[in-house]
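Participant:
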Amino acid sequence: MLSQQIPILLGSGSPRRKEYLSRFGLKFEVRSADIDESVWPGEDPWDYVRRMVAAKAEPFLSEARSGTLVVVADTLVLLENQILGKPEGPEGVLPMLQRLNGKSHQVITGYGLYLKDRHLIKEVISRVTFKKSSLDLLAAYAKTTEPLDKAGAYSIQGLGTCLVESIEGSYNNVVGLPIEELLADLVDWGVLSPVT
C-alpha cells in the first residue's frame, strides 16, 4: 500500500515507537541520544516538548542533512498545568498514580521530522480520565515494572488500562506516537508513496 522512498532513522529508545513503525512495514535504523529530560523551572509544557524533540534530534542532524529522515518524539503528561514525566525510580510511581487517580489529564506527544533543510515539530494532545481506584489497586500496579519508563507512570496498552475510565483523542498518542498523524506527514513529505 505504501512504499518507502528514503532511509529512516528513529531517534528513540522506546520499544513502543519502534513497534509502531515496524507494524507499518517501515525499514529504519534505531539510535537514541542520552539527553537531560529535566523540566526547567517555570517551563511551559509546549516549550518543554519542543525542546525535548529538538534535543533528541540534534545528534542526528548530519544524517538528516545527508538525506536520511530523522524521526524523534517525546511524550509528557500534563496534570493541572504541571508536567509529569517518567517517575524517578520505583518510589516515585505510587505518588504519581495517586495524583492522577480520579482525575483527567492531558497526554502531549511532540514529534519531529528532519530531512535535509526541512524540519517539522508537531504536537498532538489526548485527554485521559482515570477511574477513582482503591489505594490497594494503585499500590499493586505500582509494584509492577510497567510504570517505570512511562510518562505519568502508567502504560495504557498494558496493565495500566485498568486505571483508565476514558480517552478523548488519539489512543496511539497516549501510547507514545500518534502514528496516524505521522504517517500522513510521511506521505506529505514524499517519504512514503502510495503503491497502486
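Numbering (this note's numbering), first residue to last: 122 to 317. From the three backbone atoms N, C-alpha and C, an ideal C-beta is built for every residue, glycine too. Since we're looking at a predicted model, the values are computed, not measured.
(1) Verify whether the separation of the beta carbon atoms of H226 and G273 is less than 9 angstroms.
(2) Within 8 angstroms, do at least three Cβ pairs link the region 125-133 to the region 174-188?
(3) Residues in the same chain with beta-carbon distance under 7 angstroms from L147, minus the five sequence neighbours each way, listed in chain order, please.
(4) Rounded to the nearest angstrom, how far is the Cβ of Y232 from that of V192, given a contact under 8 angstroms?
(5) Can you list, in chain order, the residues of its chain whose CB lies under 8 angstroms from that of V174, leaving out five sequence neighbours each side?
(6) Express the C-alpha separation of S314 and V228 in angstroms, rounding to a whole number.
(7) Between the Cα of G163 and those of R137, P216, Q203, spot the shortest distance and give me the residue it belongs to.
(8) At which residues does the beta strand (DSSP E) containing V249 begin and terminate?
(9) Taking C-beta to C-beta, are F145 and I300 nearer than 9 angstroms?
(10) Let me check understanding here. Comparing Cα to Cα, which of D257, T266, T250, K271 lies closest to G290?
(11) Give every residue of the same chain whose Cβ lies closer than 8 angstroms to the Cβ of R239, excluding the five residues on either side of it in the sequence, and list them in chain order.
(12) Opposite L130 in the DSSP bridges: which residues?
Facilitator: With the given structure in hand:
(1) yes
(2) yes
(3) Q125, I129
(4) 7 angstroms
(5) V193, A194, D195, G231, Y232, G233, I242
(6) 30 angstroms
(7) Q203
(8) 239-251
(9) yes
(10) T250
(11) W310
(12) E150, V191
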